[in-house]
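In the numbering used here, the protein residues as written are -13 to 44.
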């Protein structure tokens, strides 16, 4: 299964907003699987766990 994402940021926000998507085999289109703000944790296409606030502070 394929996946994707979109990252949005606002200079005044404490972290990013990460929108995650996965490819739906039935329709061939991407479907939303979540929105993370403080931490992104996904398993597709590989395990990923990142604290977003720490990234923003760099």
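Backbone N, C-alpha and C define an ideal beta-carbon position, used for all residues, glycine too.
| Query | Result |
| --- | --- |
| Own chain partners of residue 37 with C-beta closer than 6 Å, once the 5 adjacent residues on each side are dropped | 25 |
| Residues that residue 6 bridges to, as DSSP identifies them | -9, 20 |
| Residue 6 beta carbon less than 8 Å from that of residue 28 | yes |
| CA-to-CA distance, residue 8 to residue 19, given in whole angstroms | 7 Å |
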